[in-house]
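For reference, the structure is listed below as structure tokens.
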């Protein structure tokens, strides 16, 4: 039974990479643009937490950003899917992610892992904010092509 459920679980994890619950599952959508003059102070985002859960990065060249789940989110996913099914699906998903990293390395496109809930991305053209929501999966991918930052899925990047 578990073997029959594996493809379903894996596909649900992979499909969720490109879903956005607020926008009906649109793939390759631009990240939210936040004009730098209206950027909120980081302290106001989480005033009770001394170690703020955000990261600031600057991009000037094509880059893949991978937003990763933290340990609490992973534990919740394990409970939802069942531990055995989770680990089987995660192992397959990790293999595809490894293939992506090998391909991007051959194209000299850096891949950056991020474990924060909010990412402020500064580029020469725009400032972006990426905030985790329920549509994010184990690995959620964003691609900066040197001009625009878009949310995308693993298989689109593998076919790049």
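Numbering (my numbering), first residue to last: 1229 to 1388.
Where is the CB? At the ideal position from N, CA and C, for every residue including glycine.
None of the values given here were measured: they were computed from a predicted structure.
Under DSSP, no beta-bridge partner is assigned to residue 1337. Between residue 1359 and residue 1346, the C-beta spacing is below 8 angstroms. Under a 10 Å Cβ-count criterion, residue 1308 is classified as exposed, with fewer than 16 other Cβ atoms of the shown protein chains found around its own Cβ.
Counting only the Cα atoms, residue 1316 lies some 23 angstroms from residue 1342. At a Cβ-Cβ threshold of 8 angstroms, residue 1296 and residue 1370 do not count as neighbours. Taking every protein chain shown into account, the CB of residue 1325 has 16 or more other CB atoms within 10 angstroms, so this residue is buried.
Approximately 5 angstroms separates the beta-carbon atoms of residue 1356 and residue 1377; this is inside 8 angstroms, confirming the contact.
Taking all protein chains shown into account, residue 1381 has 16 or more neighbouring C-beta atoms within 10 Å of its C-beta and is therefore buried.
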